[in-house]
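For the sequence shown, the positions run 1 to 241 when the UniProt record's numbering is used.
Even for Gly, the Cβ is constructed at its ideal location relative to N, Cα and C.
Here the structure is a predicted model, which means the values were calculated and not measured.
Worksheet: one structure, shown below.
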Amino acid sequence: MVPKHSFLQEFSSCSFPTVPKGFYDKVEEGSIILKKAPKFSFYKEGIEVDDEGTSLETDLVILATGFDGEKKLKDIFLSKIFQDSVLGSSNAAVPLYRLAISFPFWIKILEFIKQNKMTNILVTLSFRECIHPRIPQLAVIGFSEAASNLYASELRCRWLAELLVGTFKTPSIKEMEKDATKWDRYMKQYAGPYYRKACIAGIHIWHNDQLCKDMGWNPKRKKGFFAELFEPYGPIDYVSS
């Protein structure tokens, strides 16, 4: 079960596991058995690992198959155009940005795509990891992960609320896509083959700084010079200014 990727790639792509206390102790004593099994089947007493031809007597089987977040994102839409746009190109990070574009109605973007012959183009960029530059009236909170998803999502929800009440306005589509390109380069550099997985774990504080600046908040949340340098940041630091 030793991973083939580096710790840096694991952390930068939010691929690190979280297990309960004593989990690996149970693995060592044999009460929890970890198996990679591309093929398996059940029998009366447990599970058969087809590739190994072995049978395991078990009380409980956990199928740790994960989930397909990209498919869930795609299935939000009925339109093939938006399904392709929201996922972007397969050789770029999944595109979600922090700001929305200014089209007030879905029909306007459909007309824009048609007029500019963009039917077969896949938009590959996103802004602030939660809003797509070319898909209006849509925000996705939680797809882009962090070491603490609740912590990250709470601040993004506040950012979105400030956007909706008019605290700040959106930049141009071109500016949003330029910003999102930086995230794509970052993910490819540090997450390696896992760049498609949206994750801010390696630069969470910097990401929060961008959200604070958008909302007109001071990104330096600590009280005092040395506190800013040495104290860790957490959710309590981002209470309303």
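- Looking at Ile135 and Ser85, is the spacing between their C-beta atoms short of 8 Å? Within the sequence shown, numbered from 1, the residue matching residue 85 stands at position 85. Within the sequence shown, numbered from 1, the residue matching residue 135 stands at position 135. Cβ atoms of Ser85 and Ile135: closer than 8 Å.
- Taking C-beta to C-beta, are Leu155 and Leu211 nearer than 8 Å? Counting from 1 along the sequence shown, the entry for residue 155 is found at position 155. Counting from 1 along the sequence shown, the entry for residue 211 is found at position 211. For Leu155 and Leu211, yes; Cβs fall inside 8 Å.
- Task: Give me the Cα-Cα distance between Leu60 and Ile33, rounded to the nearest whole angstrom.
- Result: As a first step, residue 60 must be located in the sequence shown, where it is residue number 60. As a first step, residue 33 must be located in the sequence shown, where it is residue number 33. Each residue's alpha carbon lies about 11 Å from the other.
- Query: Tell me which same chain residues have a C-beta within less than 7 Å of the C-beta of Lys74, skipping the five on either side of it?
  - Reply: Position 74 of the sequence shown, counted from the first residue, corresponds to residue 74. Counting only Cβ-Cβ distances below 7 Å, and skipping sequence neighbours, we find Gln83, Val86 and Leu87.
- Spell out a yes or no on whether the region 142-149 and the region 197-211 are touching, meaning 3 or more CB-CB pairs, one atom from each, closer than 8 Å. yes
- Which value, in whole angstroms, describes the spacing of the CA atoms of Pro165 and Val140? By one-based count along the sequence shown, residue 165 stands at place 165. By one-based count along the sequence shown, residue 140 stands at place 140. One point to set straight first is that residue 165 is Val, not Pro, in the sequence displayed. So the two alpha carbons sit approximately 18 Å from each other.
- Item | Three-way DSSP call (helix, strand, coil) for Tyr195 in this model | The residue given as residue 195 occupies position 195 in the sequence shown. In the structure shown, Tyr195 sits in coil (DSSP, three-state: anything other than H, G, I, E or B).
- With 16 other Cβ atoms within 10 Å as the buried cut-off, status of residue 245: Outside the displayed range of the chain (1 to 241) lies residue 245, so it cannot be described from this structure.
- Minimum C-alpha distance to Leu150 - residue among Pro193, Gly234, Tyr195 and Ala180: Working through the sequence shown from its first residue, we reach residue 150 at position 150. Checking every option, the nearest Cα to that of Leu150 belongs to Gly234.
- Assigned secondary structure, Phe7 (DSSP; H/G/I helix, E/B strand, else coil): If you number the sequence shown from 1, residue 7 lands on position 7. Three-state result, Phe7: helix.
- Please name the residue or residues paired with Val49 in a DSSP beta bridge. Here residue 49 corresponds to residue number 49 of the sequence shown, with the count starting at 1. Partner(s): Phe40 and Thr54.
- In three-state DSSP terms, what is Ile81? Taking the sequence shown and counting its residues from 1, one reaches residue 81 at position 81. Ile81 falls in the helix class under three-state DSSP.
- Item | Status (buried if at least 16 other CB within 10 Å, exposed otherwise) for Thr18 | Residue 18 sits at position 18 when you count from the first residue of the sequence shown. Looking at its Cβ environment, which holds fewer than 16 other Cβ atoms inside 10 Å, Thr18 is exposed.
- Query: DSSP three-state call for Ile205: helix, strand or coil?
  - Reply: In the sequence shown, the residue the question calls residue 205 occupies position 205. Ile205 falls in the helix class under three-state DSSP.
- Query: Since Glu145 sits in a beta bridge, which residues does DSSP pair it with?
  - Reply: Walking along the sequence shown from the start, residue 145 turns up at place 145. Bridge partners of Glu145: Cys199.
- Query: Near Glu57, what residues of its chain come up, given a Cβ to Cβ distance below 8 Å and the 5 sequence neighbours on each side ignored?
  - Reply: Taking the sequence shown and counting its residues from 1, the one referred to as residue 57 is at position 57. So the qualifying residues of the chain are Glu45 and Gly46.
- Report the three-state DSSP secondary structure of Phe23 (helix, strand or coil). The residue labelled residue 23 in the question sits at position 23 within the sequence shown. Reduced to three states, the DSSP call for Phe23 is helix.
- Item | Spatial distance of Leu8 from Phe168 (CA atoms) | Counting from one through the sequence shown, the residue named residue 8 turns up at place 8. Counting from one through the sequence shown, the residue named residue 168 turns up at place 168. Approximately 35 Å between the Cα atoms of the pair.
- Message: Tell me which residues share the same chain as Met215 and place their Cβ nearer than 7 Å to its Cβ, disregarding the 5 neighbours each side in the sequence.
- Response: Taking the sequence shown and counting its residues from 1, one reaches residue 215 at position 215. So the list reads Trp159, Glu162, Thr167 and Phe168, once near-sequence residues are dropped.
- Query: Alpha carbon to alpha carbon, what distance is there between Gly224 and Lys72?
  - Reply: Residue 72 sits at position 72 when you count from the first residue of the sequence shown. Residue 224 sits at position 224 when you count from the first residue of the sequence shown. Roughly 44 Å between the two C-alpha positions.
- May I ask which residues mark the beginning and end of the alpha helix (DSSP H) holding Arg185? Translated into the one-based positions of the sequence shown, residue 185 becomes position 185. Run containing Arg185: Ile173 to Tyr190, per the alpha helix (DSSP H) assignment.
- Please name the residue in Lys36, Gly22, Lys4 and His132 whose C-alpha comes closest to that of Ala176. Start at 1 with the first residue of the sequence shown, and residue 176 comes out as number 176. The sequence as given places Met at residue 176; Ala does not occur at that position. Comparing Cα positions, the closest option is His132.
- With 16 other Cβ atoms within 10 Å as the buried cut-off, status of Ile81: On the sequence shown, residue 81 is found 81 positions in, with the first residue counted as 1. Ile81 should be labelled buried.
- Query: From Val123 to Cys14, what does the alpha carbon distance come to, in whole angstroms?
  - Reply: Counting from one through the sequence shown, the residue named residue 123 turns up at place 123. Counting from one through the sequence shown, the residue named residue 14 turns up at place 14. For Val123, the predicted structure reports a pLDDT of 33, less than 50, and the residue's modelled location is therefore unreliable. A value from the coordinates is still provided. So the two alpha carbons sit approximately 24 Å from each other.
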